[in-house]
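Residue numbers (the numbering used here), protein chains in the order written: chain A, 24 to 135; chain B, 24 to 135.
All C-beta atoms in this analysis are idealised placements derived from N, C-alpha and C, irrespective of residue type, glycine included.
Just so we're clear, the structure is a prediction, and the values are computed from it rather than from any experiment.
Okay, structure first, notes after.
Number of protein chains: 2
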Amino acid sequence: MKMLHHPDRQDIQLSSVLYALSDPVRLYLVDVIHKSGERRCGDIAVPVVKSTLSHHYRTLREAGILHVRVQGTQRFSSIRTEDLEARFPGLLGSILDAYHASGEAERLTAPS
Amino acid sequence: MKMLHHPDRQDIQLSSVLYALSDPVRLYLVDVIHKSGERRCGDIAVPVVKSTLSHHYRTLREAGILHVRVQGTQRFSSIRTEDLEARFPGLLGSILDAYHASGEAERLTAPS
DNA sequence: TCTAAAGTTCGATTATAATCGAAATTCCGA
DNA sequence: TCGGAATTTCGATTATAATCGAACTTTAGA
């Protein structure tokens, strides 16, 4: 059985969080999951193939942003809201607010 | 005379801002300038050589975070507070708060 | 028990960025 | 006008990351 590593709350690094969220695909995923709650990994449409998507989920998980739960062949992701709030109060909210304000949210799924 | 390019307020991209701030050296520079106001570029001690430091300043300027003013052979940098607040209200403050909360601020200048 | 579905891992490729040292630029002041 | 100071640019190297397709793993269900 695959053991997914999630960093402990106190090991979540600001640099890693900012880096993970600086990618448009990853920021989009986080925004969707934040709005809708836990989601199956493959259920969010993004313009990359499966293996790349898997890489993005791993980046988000290892940065401490997502919790990923295994259920059969499926993975369900949710935001580690409590841990993020405890470690960096208000940060994720500000970033997602900025994301909405920027209008980038609407442009992601429409590739060039 | 060297013309420094600064992106217009509306062209500041969230992804670029987050990326620029995901580097520990750059985040430290921004924190120091934010606290102390305009600073001469060479006056903040960081563990990289001059040319690398120059690269970091350019990254921050091109992301729209810093304004750089030329005076003779010197450059003075300041945070584009108004532009950032207008475009992404509260964002920089949250990130700097998180930076202080994380304790990374104290560890930067002490290299391994 | 076979197969299909969901996702990861692997290997390769390509792109981007961090870093350094050396050389160039620009301007100030003796 | 000459030299030094502040900084950038250049060229090279190295590191990191994004991406893809193919193969693999695991599990659910017919």
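CB contact below 7 Å: residue i versus chain A
i, result
"residue 153/B", "The displayed coordinates of chain B run from 24 to 135. Any statement about residue 153/B would go beyond what the structure contains."
"residue 70/B", "no"
"residue 52/B", "no"
"residue 38/B", "yes"
"residue 147/B", "Any answer about residue 147/B is impossible in this case: the structure gives chain B only from 24 up to 135."
"residue 27/B", "no"
"residue 130/B", "no"
Residue from the options with nearest C-alpha to residue i
i, options, result
"residue 82/B", "121/B, 45/B and 97/B", "45/B"
"residue 94/A", "33/A, 35/A and 62/A", "62/A"
"residue 129/A", "47/A, 91/A and 114/A", "47/A"
"residue 127/B", "35/A, 26/A and 30/A", "35/A"
"residue 86/A", "125/A, 26/A and 49/A", "49/A"
"residue 70/A", "88/A, 58/A and 51/A", "51/A"
"residue 33/B", "108/B, 117/B and 125/B", "108/B"
"residue 90/A", "114/A, 106/A and 112/A", "106/A"
"residue 64/A", "102/A, 29/A, 97/A and 57/A", "97/A"
"residue 101/A", "84/A, 28/A, 78/A and 125/A", "84/A"
"residue 28/A", "80/A, 116/A, 115/A and 111/A", "80/A"
"residue 125/A", "117/B, 116/B, 111/B and 125/B", "111/B"
Partners in chain B for residue i, counting only beta-carbon separations shorter than 8 Å
i, result
"residue 119/A", "Correct list: empty, because the minimum Cβ distance to chain B is about 10 Å."
"residue 124/A", "110, 111 and 112"
Beta-bridge pairing of residue i - partner residues as DSSP gives them
i, result
"residue 49/B", "Residue 49/B pairs with nothing; no bridge assigned."
Chain B residues whose Cβ lies nearer than 7 Å to that of residue i
i, result
"residue 105/A", "Within 7 Å Cβ-Cβ: nothing; residue 105/A doesn't reach chain B, min ~15 Å."
Listed by chain order, chain A residues near residue i by CB distance under 9 Å
i, result
"residue 127/B", "36, 37 and 38"
Chain B contact for residue i (CB, 7 Å cutoff)
i, result
"residue 111/A", "yes"
"residue 83/A", "no"
"residue 74/A", "no"
"residue 45/A", "yes"
"residue 80/A", "no"
Any contact between the stretch 115-125 of chain B and the stretch 35-53 of chain A? By contact I mean 3 or more CB pairs, one from each, below 8 Å.
Yes: at least three Cβ pairs fall under 8 Å.
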